[in-house]
Amino acid sequence: MFVPDEMLIEHGSEETPIVRRCRERAPGVPVRVIDDREALRGQEFSAAKRRLLLAPRRGAFLEHCPAGTRGMACCNYLVLTFASNCPMDCGYCFLQDYLADAPALTAYVNPDDALAEVGRLLDAHPGRRFRIGTGELADSLALDPLTGLSRDLVPFFAARPNALLELKTKTDCVDDLVAMDPRERVVVSWSLAPGSAMRFAETGTASLPARFAAMRRAADAGYKIGVHLDPLIEHEGWEEGYRDLVHAIASAVSAARVAWVSMGALRLSPALRTRMRARFPGTPLLAGEQVPAADGKWRDFQPLRVRMYRSVRRLVEDALPHVPLYLCMETPDVWERVFGAAPLRDQELGALLAAR
Amino acid sequence: MTRDEVVAARTAGWTVEGRAALAAVVERLRPSAHHLGDILDWLDDIAARQGTAPEALLGDADLCATAAGGGSAPERLKRWKERLRRLRYPRLAARESAVAAQVRAMECGPAVTVAPPPALEGGVVTVTIRARSETELCDAVETLRARVAHGDVARLFALLDEA
Numbered sequence: 437m438f439v440p441d442e443m444l445i446e447h448g449s450e451e452t453p454i455v456r457r458c459r460e461r462a463p464g465v466p467v468r469v470i471d472d473r474e475a476l477r478g479q480e481f482s483a484a485k486r487r488l489l490l491a492p493r494r495g496a497f498l499e500h501c502p503a504g505t506r507g508m509a510c511c512n513y514l515v516l517t518f519a520s521n522c523p524m525d526c527g528y529c530f531l532q533d534y535l536a537d538a539p540a541l542t543a544y545v546n547p548d549d550a551l552a553e554v555g556r557l558l559d560a561h562p563g564r565r566f567r568i569g570t571g572e573l574a575d576s577l578a579l580d581p582l583t584g585l586s587r588d589l590v591p592f593f594a595a596r597p598n599a600l601l602e603l604k605t606k607t608d609c610v611d612d613l614v615a616m617d618p619r620e621r622v623v624v625s626w627s628l629a630p631g632s633a634m635r636f637a638e639t640g641t642a643s644l645p646a647r648f649a650a651m652r653r654a655a656d657a658g659y660k661i662g663v664h665l666d667p668l669i670e671h672e673g674w675e676e677g678y679r680d681l682v683h684a685i686a687s688a689v690s691a692a693r694v695a696w697v698s699m700g701a702l703r704l705s706p707a708l709r710t711r712m713r714a715r716f717p718g719t720p721l722l723a724g725e726q727v728p729a730a731d732g733k734w735r736d737f738q739p740l741r742v743r744m745y746r747s748v749r750r751l752v753e754d755a756l757p758h759v760p761l762y763l764c765m766e767t768p769d770v771w772e773r774v775f776g777a778a779p780l781r782d783q784e785l786g787a788l789l790a791a792r
Numbered sequence: 090m091t092r093d094e095v096v097a098a099r100t101a102g103w104t105v106e107g108r109a110a111l112a113a114v115v116e117r118l119r120p121s122a123h124h125l126g127d128i129l130d131w132l133d134d135i136a137a138r139q140g141t142a143p144e145a146l147l148g149d150a151d152l153c154a155t156a157a158g159g160g161s162a163p164e165r166l167k168r169w170k171e172r173l174r175r176l177r178y179p180r181l182a183a184r185e186s187a188v189a190a191q192v193r194a195m196e197c198g199p200a201v202t203v204a205p206p207p208a209l210e211g212g213v214v215t216v217t218i219r220a221r222s223e224t225e226l227c228d229a230v231e232t233l234r235a236r237v238a239h240g241d242v243a244r245l246f247a248l249l250d251e252a
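Protein chains in written order, with the working numbering: chain L, 437 to 792; chain E, 90 to 252.
Laid out in structure tokens, this is it:
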């Protein structure tokens, strides 16, 4: 469980359920009430990850996933933001650029406002099926042992027939989850990479055995399981690494419980590359043969990543038959090369996955 | 940042000899701050892959020969960066060379230009026909048709498909 160095509570939030839970669950952590989070700006990024700010979110909680931009095929996914930043520190993570100036790891204390926003959307479109995830600006479960947020989310979505909630994580924090019945409306997804890549690409994430154990517990408790082989990291021995990884996934959970598997290339904006170079000098993540792609992000050059996608696709289809497999943030051209056909129209792909 | 500031910031951890070697390259090739940024990025990336110090790569025989060779500074810089790019992107550069060789082997003539995508990204080959008459156009189309029938075009696209 992540234990912050300090808890900062924005004035006016002291009596919210999230704050009360955090204080109860981490009683030894120093607490400071602050007037304005803006005064915290200018903190070093790694230090900011160790400081938990509890404050209300002032803007919208629900947004369209940014992946479907600039020529990339889209799966019509919505992201719901309950937190911002992450206690883990993956070398490839876009947050190190996107949230470079963020003063603290922030958990928003007004989840009721978020769920009201979601409720209005779902009620307005009862005939549509939505796929909504909380793992865009933060790991979905990293703060759950502190905030207990899943105890609000799971019952809400379990009662909603036209939405599927995805909780995406690299942790093993499922203790609160397994005490609830998701009624087939919640997918718990793990982002996974071979151990050989984790060693140089991920800091602070749960080990693979711990993640697989958590995956089993979640599946046994009635959750569907999602798998994100994203980013695919090309490194020495990657083919054996992904073969072993996919076999381990299939050993941990039955294909019948797997809602979907995604694959995505390592993709780095120029600004992120600059940040990585400064924060992780000599990282092998920058030493791959990456070039700018259609959206300006650097990816392994196309024939190489097509080879990787095809190779991993074969592994997944052999080990997890009939499980939907899709590409994240890829061009229709690459989709066609990997799957033999261009992607379905956005809404069709989204509906296919939401119906799982 | 100016060129000197870029060099100072990026080579702070280098050896004295390494900084001197880079200074010699900068003196001979006169790269802009932008080109120098590319060069330093590539040296770092190659070094990370090979487990060497970035400055050690400056001793590469081809790089040294190119830097000391003839031509104007911009011409030498272009050739030097191309050599460094081949070290930075060995598989991509090899595949690009194979694609270029395949295009040459197709011998489509001066009326037909076959351009692969930059850095092989996107998979789209641009074919341009220049014709001053119907006869020239028909000749060019016939040439391309023959290359398709011979399998040359399929081989070209196969090179763009998977590495």
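All C-beta atoms, glycine included, are put in the ideal place defined by N, C-alpha and C.
Supposed contact pair Pro205(E) and Leu249(E) - C-beta distance, whole angstroms, cut 8 angstroms: 7 angstroms
Distance cutoff 8 angstroms, beta carbons only. Does Leu431(L) sit that close to anything in chain E? The structure shown does not extend to residue 431(L), since chain L is modelled only from 437 through 792, so no value can be given for it.
Endpoints, the alpha helix (DSSP H) within which Ala707(L) is located: 706-715
Let me see if you follow: with CB-CB separation under 8 angstroms, is Gly212(E) close to chain L or not? yes
Check Trp771(L) in the structure and name its three-state DSSP category. helix
Against chain E, does Val727(L) count as a neighbour if the rule is that its beta carbon must be under 8 angstroms from one of theirs? yes
For His664(L), count neighbouring Cβ atoms within 10 angstroms of its own Cβ and tell me buried if that reaches 16, exposed if not. buried
Give me the residue from Thr710(L), Gly732(L), Met616(L) with the minimum Cα distance to Leu722(L). Thr710(L)
Nearest by alpha-carbon distance to Leu582(L): which of His671(L), Glu442(L), Pro739(L) is it? Glu442(L)
Could one say the Cβ of Thr719(L) lies closer than 8 angstroms to chain E's Cβ atoms, at least one of them? yes
CB-CB under 8 angstroms to Arg567(L), same chain, minus the five flanking residues each way: which ones, in chain order? Cys511, Asn512, Tyr513, Leu514, Ala599, Leu600, Glu602, Gly786, Leu789, Ala790
Around the Cβ of Ala633(L), are there at least 16 other Cβ atoms within 10 angstroms (buried) or fewer (exposed)? buried
Does the Cβ of Gly387(L) have 16 or more other Cβ atoms within 10 Å, making it buried, or fewer, making it exposed? Since the first residue of chain L shown is 437 and the last is 792, residue 387(L) is not available in this structure.
Determine contact between the segment 465-483 of chain L and the segment 749-759 of chain L, defined as no fewer than three beta-carbon pairs at a distance below 8 angstroms. no
Nearest to Asp533(L) (by Cα), restricted to the options Asp769(L), Asp731(L), Arg715(L), Val697(L): Arg715(L)
Assign Leu111(E) to one of three DSSP states: helix, strand, or coil. helix
On a CA-only basis, which of Ala220(E), Glu210(E), Cys197(E) is nearest Val242(E)? Give me that one, please. Cys197(E)
Neighbourhood of Glu620(L) by C-beta distance below 8 angstroms, restricted to the same chain and skipping five residues each side: Gly658, Lys660
3-residue-minimum beta strand (DSSP E) runs that sit fully inside the segment 463-493 of chain L, ordered along the chain: 467-470, 487-491
May I ask which residues mark the beginning and end of the alpha helix (DSSP H) holding Ala655(L)? 644-656
Span separating the alpha-carbon of Glu94(E) from that of Arg119(E): 15 angstroms
Collapsed DSSP secondary structure at Ile669(L) in the structure displayed: coil
Inter-residue Cα distance where the pair is Pro453(L) and Leu489(L): 15 angstroms
Below 8 angstroms on the Cβ atoms is my contact criterion, and I expect Arg177(E) with Asp134(E) to pass it. Report the Cβ-Cβ distance as a whole number of Å. 6 angstroms
Assign Leu226(E) to one of three DSSP states: helix, strand, or coil. helix
Identify every residue that forms a DSSP beta bridge with Thr605(L). Trp626(L)
Length-filtered (3 minimum) beta strand (DSSP E) runs lying within the segment 715-744 of chain L: 726-728, 734-736
Roughly how many angstroms lie between the CA atoms of Ala629(L) and Pro667(L), to the nearest whole one? 8 angstroms
Answer yes or no: does any C-beta atom of chain E fall closer than 8 angstroms to that of Leu704(L)? no
For Gly148(E), three-class secondary structure by DSSP: helix
Are Ala595(L) and Phe438(L) close, meaning C-beta to C-beta below 8 angstroms? no
Below 8 angstroms on the Cβ atoms is my guess for Cys526(L) versus Thr641(L); work out the distance and round it to an integer in Å. 7 angstroms
Can you tell me the Cβ-Cβ gap for Val213(E) and Val203(E), rounded? I've got them flagged as a contact below 8 angstroms. With a Cβ gap of about 12 angstroms, Val213(E) and Val203(E) do not count as contacting.
If I measure Cβ to Cβ from Val467(L) and keep anything under 6 angstroms in the same chain, skipping five residues before and after, which residues do I get? Met443
Could you check the C-alpha separation between Ala509(L) and Trp103(E) for me, to the nearest Å? 44 angstroms
Does the Cβ of Met90(E) have 16 or more other Cβ atoms within 10 Å, making it buried, or fewer, making it exposed? exposed
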